[in-house]
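Trainee: Chains A and B supply the protein sequences, listed in that same order.
Residue numbering for the first sequence follows the working numbering, beginning at 953 and increasing consecutively.
Residue numbering for the second sequence follows the working numbering, beginning at 25 and increasing consecutively.
Backbone N, C-alpha and C fix where the C-beta goes; we use that ideal spot for every residue, glycine too.
I'd like to ask you about the structure that follows.
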Amino acid sequence: MSKFISTKQKSTPAVSTASLPDIVFMLLFFFMVTTHMRDKDMMVKNSLPSATEITKMENKAMVDFIFVGAPLDARYGTAPRIQLDDSFATIEDIQLFKEKAKETRDEAEWPLISSSLKVDKDVKMGLVTDIKQELRRIGALKIVYSTNQGLR
Amino acid sequence: MARRRKSSGPGEINAGSMADIAFLLLIFFLVTTTMDTDAGILRQLPPPIPEDQPPPPKVKDRDVYVVLVNSNDQLLVEGEFMEIGDLKEGTKDFLTNPYESENLPQKKLMTRAEAVENIATYKAYVAAEPTNSFYIGELERWEERLTTINLIGDYMELPGSAVISLRNDTETSYDMYIQVQNELTRAINELRDELSVEKFGKKYDELDKSIPEEKEMIIAVRQVYPQRISEAEPNVTEATPE
């Protein structure tokens, strides 16, 4: 009996931290694979509505984003605004934005280009309809109402 | 002496700071990246209507499922007030017309004999007038129907004019609009899933369009339950009175 007790009383050895870098690297790679770079500064409030019947965008490179929502900075007012790339825009700017986006891509890929409407859920449909009409006018007919995954 | 020591190979690199470096990188990636995957409800907008185009032919009332959303986010479906929870069933009834109701679209039985006959007819027309896009379109349509019949047998087809017409007010909230779009899509997806599981033992969205046989299955399911949701033109009549 006394033999066992004596071993227990010995102080425990320090936890080895040799595998710590490996663990952290594993975490790092996980995040590198599952996330993507934040490439735009949000200037408008953008909490998306949720839906269940959603399709994942297969080809992110073929999507142009149109953000709509109330400005985050109260100095720009509270009425919903459109954000293209990194600045506020008006309906008329959409055409130029889409043309520029088109030029960066190969002509063969043009039919694949779609527009993702990232619209805040508090926005009224009037502005959204205007954007849709403008997209129709310039022939950008593929759109996605961007939403979060909702529960059934 | 000193030289001999050097030639004995470099000493081990101290890996003690490796964890710190990795942590630094990890935190960098945590801050600069976002997790959100982009997903949403896909829609194809109708092409703009040329101004000189004659007004479209009148569509039978029974072929149009009118969904109105007003400025208070209330639903008016086919002239009656409806809760959003009932919209899915309503849409399903419209697309299937299970009791052959007079107010819902009249479905037409497609048979193999009819499809074969029409394909032959239109092939002759296309041969005579290879540039006529109407004949080419009809030929393609009948060939799709034949594909469908080959896969699932004779089926009831919705009339070509059957459409779900979604109208909204300028003050309708986007959240409500998406919910309505979602319910309409859900009705179609559920019907497609049911048919697909019954005929092919696989859900519709599990069919892989890169496999030729499954692509035909997708065409067949779509033929029976087409997704025709018209997001109506905003009412321009008020802005420009005649």
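#1: Could you pull the DSSP bridge partners for methionine 180/B from this structure?
#2: Excluding five sequence neighbours on each side, which residues of the same chain lie with their C-beta closer than 7 Å to the C-beta of glutamate 167/B?
#3: For threonine 969/A, count neighbouring C-beta atoms within 10 Å of its own C-beta (all shown protein chains included) and say buried if the count is 16 or more, exposed if not.
#4: I'd like to check one pair, serine 185/B with tyrosine 89/B: are the Cβ atoms closer than 8 Å?
#5: Given a cut-off of 8 Å on the beta-carbon distance, is the pair arginine 191/B and alanine 256/B in contact?
#6: What distance in whole Å lies between the Cβ atoms of asparagine 998/A and lysine 1070/A, which are believed to be in contact at a cut-off of 8 Å?
#7: Compute the distance between the beta-carbons of isoleucine 1034/A and valine 1020/A, then report whether it is under 8 Å.
#8: Counting only beta-carbon atoms, is proline 79/B nearer than 8 Å to chain A?
#9: Hey, how far is the Cα of asparagine 38/B from the Cα of lysine 1012/A?
#10: Smallest Cα separation from glutamate 1010/A: which of Pro1023/A, Leu1064/A, Thr1004/A, Glu1044/A?
#11: Show which residues of chain B have a CB atom less than 8 Å away from the CB atom of lysine 1073/A.
#12: What does leucine 66/B reach in chain A if we use C-beta pairs closer than 7 Å?
#13: Could you list which residues in chain B have their beta carbon closer than 8 Å to that of lysine 1084/A, in chain order?
#14: From the DSSP output, in three-state form, read off valine 985/A for me.
#15: From this set, Glu104/B, Thr61/B, Lys116/B, Thr56/B, which residue's C-alpha is nearest arginine 990/A's C-alpha?
#16: What does the alpha-carbon distance come out to for the pair leucine 12/B and valine 187/B?
#17: Give me the Cβ distance between leucine 208/B and tyrosine 249/B, rounded to the nearest whole Å; I'm assuming they're in contact under 8 Å.
#18: Could you tell me whether the Cβ of glutamine 205/B comes closer than 8 Å to any Cβ of chain A?
#19: Any beta carbon of chain B sitting closer than 8 Å to that of proline 973/A?
#20: For methionine 995/A, which of helix, strand or coil comes out of DSSP?
#21: What residues in the region 974-998 of chain A bring their beta carbon closer than 8 Å to a beta carbon of chain B?
#22: By Cβ distance, which residues of its chain are closer than 8 Å to asparagine 156/B, with the 5 residues on each side in sequence left out?
#23: Please work out which residues of its chain come closer than 7 Å, Cβ to Cβ, to aspartate 1082/A, disregarding the five sequence neighbours upstream and downstream, and give them in chain order.
#24: Checking contacts by CB at 8 Å: is asparagine 213/B closer than that to chain A?
Mentor: Checking against the coordinates, here is how it stands:
#1: Counting from 1 along the second sequence, the entry for residue 180/B is found at position 156. In DSSP, methionine 180/B forms a bridge with Leu133/B.
#2: Mapped onto the second sequence, residue 167/B falls at position 143. Cβ neighbours of glutamate 167/B beyond the five flanking positions: Ile143.
#3: Looking up residue 969/A in the first sequence gives position 17. Answer is exposed; the Cβ neighbour count stays below 16.
#4: Stepping through the second sequence from its first residue, residue 89/B is reached at position 65. Stepping through the second sequence from its first residue, residue 185/B is reached at position 161. No.
#5: For the purposes of this step, residue 191/B is identified with residue 167 of the second sequence, where counting begins at 1. For the purposes of this step, residue 256/B is identified with residue 232 of the second sequence, where counting begins at 1. In contact: arginine 191/B and alanine 256/B (Cβ atoms closer than 8 Å).
#6: Residue numbering aside, residue 1070/A sits at position 118 when the first sequence is read from its first letter. Residue numbering aside, residue 998/A sits at position 46 when the first sequence is read from its first letter. With a Cβ gap of about 6 Å, lysine 1070/A and asparagine 998/A count as contacting.
#7: Your numbering for residue 1034/A matches position 82 in the first sequence. Your numbering for residue 1020/A matches position 68 in the first sequence. Yes.
#8: The count along the second sequence starts at 1 and reaches residue 79/B at position 55. Not closer than 8 Å to any Cβ of chain A, the Cβ of proline 79/B fails to qualify, so no.
#9: The residue labelled residue 38/B in the question sits at position 14 within the second sequence. The residue labelled residue 1012/A in the question sits at position 60 within the first sequence. Rounded to the nearest angstrom, the two C-alpha atoms are 42 Å apart.
#10: Numbered from 1 along the first sequence, position 58 holds the residue referred to as residue 1010/A. Cα-wise, what sits closest to glutamate 1010/A is Leu1064/A.
#11: Within the first sequence, the letter at position 121 stands for residue 1073/A. Simply Ser197, Tyr198, Asp199, Ile202.
#12: Residue numbering aside, residue 66/B sits at position 42 when the second sequence is read from its first letter. Going along chain A in sequence order, the residues near leucine 66/B (Cβ under 7 Å) are Thr1007, Val1096.
#13: The residue labelled residue 1084/A in the question sits at position 132 within the first sequence. Going along chain B in sequence order, the residues near lysine 1084/A (Cβ under 8 Å) are Leu69, Glu255.
#14: For this step, residue 985/A is matched to residue 33 along the first sequence. DSSP places valine 985/A in helix when its eight states are reduced to three.
#15: In the first sequence, counting from the first residue as 1, residue 990/A sits at position 38. Taking only the C-alpha atoms, the option nearest arginine 990/A is Thr56/B.
#16: The structure shown has nothing for residue 12/B, since chain B only spans 25 to 266.
#17: In the second sequence, the residue the question calls residue 208/B occupies position 184. In the second sequence, the residue the question calls residue 249/B occupies position 225. Not really, about 12 Å apart at Cβ, beyond 8 Å.
#18: Here residue 205/B refers to the residue found at position 181 when the second sequence is read from its first residue. Judged by the 8 Å Cβ criterion, glutamine 205/B is in contact with chain A.
#19: Position 21 of the first sequence holds residue 973/A. Cβ-Cβ to chain B under 8 Å: yes for proline 973/A.
#20: Locating residue 995/A in the first sequence gives position 43, counting from the first residue. Coil, per DSSP.
#21: Val976, Phe977, Leu979, Leu980, Phe983, Met984, Thr986, Thr987, His988, Met989, Arg990
#22: Mapped onto the second sequence, residue 156/B falls at position 132. Result list for asparagine 156/B: Tyr149, Val150, in chain order.
#23: For the purposes of this step, residue 1082/A is taken as residue 130 along the first sequence, with counting starting at 1. Correct list, in chain order: Ile1043.
#24: Working through the second sequence from its first residue, we reach residue 213/B at position 189. True, the Cβ-Cβ gap to chain A drops below 8 Å.
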